[in-house]
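S.K.: The sequence shown begins at 27 in the working numbering and counts up one residue at a time. The structure that follows is given in the form of structure tokens.
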Amino acid sequence: MDFKDGNVYFKVPHNVSSATQFSESLNTCVQFQVATYQKNGQGVQVFRSLGYTEAQIINQGSRLCMESKGWALYTVVNNQVQHVDRSERVYAAMSERELELARDLLVGQRAWYLQYAPQVLAVGDLRK
Numbered sequence: 027m028d029f030k031d032g033n034v035y036f037k038v039p040h041n042v043s044s045a046t047q048f049s050e051s052l053n054t055c056v057q058f059q060v061a062t063y064q065k066n067g068q069g070v071q072v073f074r075s076l077g078y079t080e081a082q083i084i085n086q087g088s089r090l091c092m093e094s095k096g097w098a099l100y101t102v103v104n105n106q107v108q109h110v111d112r113s114e115r116v117y118a119a120m121s122e123r124e125l126e127l128a129r130d131l132l133v134g135q136r137a138w139y140l141q142y143a144p145q146v147l148a149v150g151d152l153r154k
């Protein structure tokens, strides 16, 4: 089953998720990102200086959170479904090094959630 947020679709392997599970999982990620955004003044300033809006910072953080839980992100590009990252960059268009960095980011982010915010990861975690 696919769920949509803006231009991005969230997909679950083997179509095992319900709308309720998706909603609870995404809401937990968004709430955590908003709280983190409000607390992290210096980090937010860095992103803002790079031209990111508040919504972009929260959306990308929430999408990374969902990817860390095992949800795959997709979008439609030229009438084709493409697997994308939190910034809507197409994985198929990435260099080998970019793919390696993207994998490392997901592994690192999941480890961070397990250590510092397991309650966020626990809601809708497909990798249990």
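From the three backbone atoms N, C-alpha and C, an ideal C-beta is built for every residue, glycine too. Keep in mind the model is a prediction, meaning the values are calculated, not measured.
So Ala98 is in the beta strand (DSSP E); what residue range does that whole segment cover?
M.R.: Ala98 -> beta strand (DSSP E) spans 98-103.
S.K.: Grab the span of the beta strand (DSSP E) containing Tyr35 for me, first residue to last.
M.R.: From DSSP, the beta strand (DSSP E) with Tyr35 extends over 34-37.
S.K.: In whole angstroms, give me the CA-to-CA distance for Phe73 and Tyr142.
M.R.: Roughly 22 Å separates the two Cα atoms.
S.K.: According to DSSP, simplified to helix, strand and coil, what is Val116?
M.R.: Reduced to three states, the DSSP call for Val116 is strand.
S.K.: Could you give the uninterrupted runs of the alpha helix (DSSP H) lying entirely in the stretch 121-146, keeping only those of 4 residues or more?
M.R.: Segments of the alpha helix (DSSP H) lying fully in the stretch 121-146: 122-142.
S.K.: Based on DSSP bridge pairs, tell me the residues matched to Phe29.
M.R.: For Phe29, which the question treats as bridged, DSSP gives the partners Phe36.
S.K.: Here's the rule I'm using: 16 or more other beta-carbon atoms within 10 Å means buried, otherwise exposed. How should Arg115 be labelled?
M.R.: Arg115 is exposed by the Cβ-count criterion.
S.K.: Going by alpha carbons, who is nearest to Gln145 out of Arg112, Cys55, Gly32?
M.R.: Comparing Cα-Cα distances from Gln145 to each of Arg112, Cys55, Gly32, the minimum goes to Cys55.
S.K.: Determine the contact status of Gly150 and Phe29, defining contact as a CB-CB distance below 8 Å.
M.R.: Not in contact: Gly150 and Phe29 (Cβ atoms no closer than 8 Å).
S.K.: Between which two residues does the beta strand (DSSP E) carrying Val56 extend?
M.R.: Segment 45-65 is the alpha helix (DSSP H) holding Val56; no beta strand (DSSP E) there.
S.K.: Going by DSSP, what residue range makes up the alpha helix (DSSP H) through Arg89?
M.R.: Start and end: 80-94.
S.K.: Taking all protein chains shown into account, do 16 or more other C-beta atoms lie within 10 angstroms of the C-beta of Glu93, making it buried, or fewer, making it exposed?
M.R.: Under this definition Glu93 is a buried residue.
S.K.: Is Val15 helix, strand or coil by DSSP?
M.R.: Outside the shown range of the chain (27 to 154) lies residue 15, about which nothing can therefore be said.
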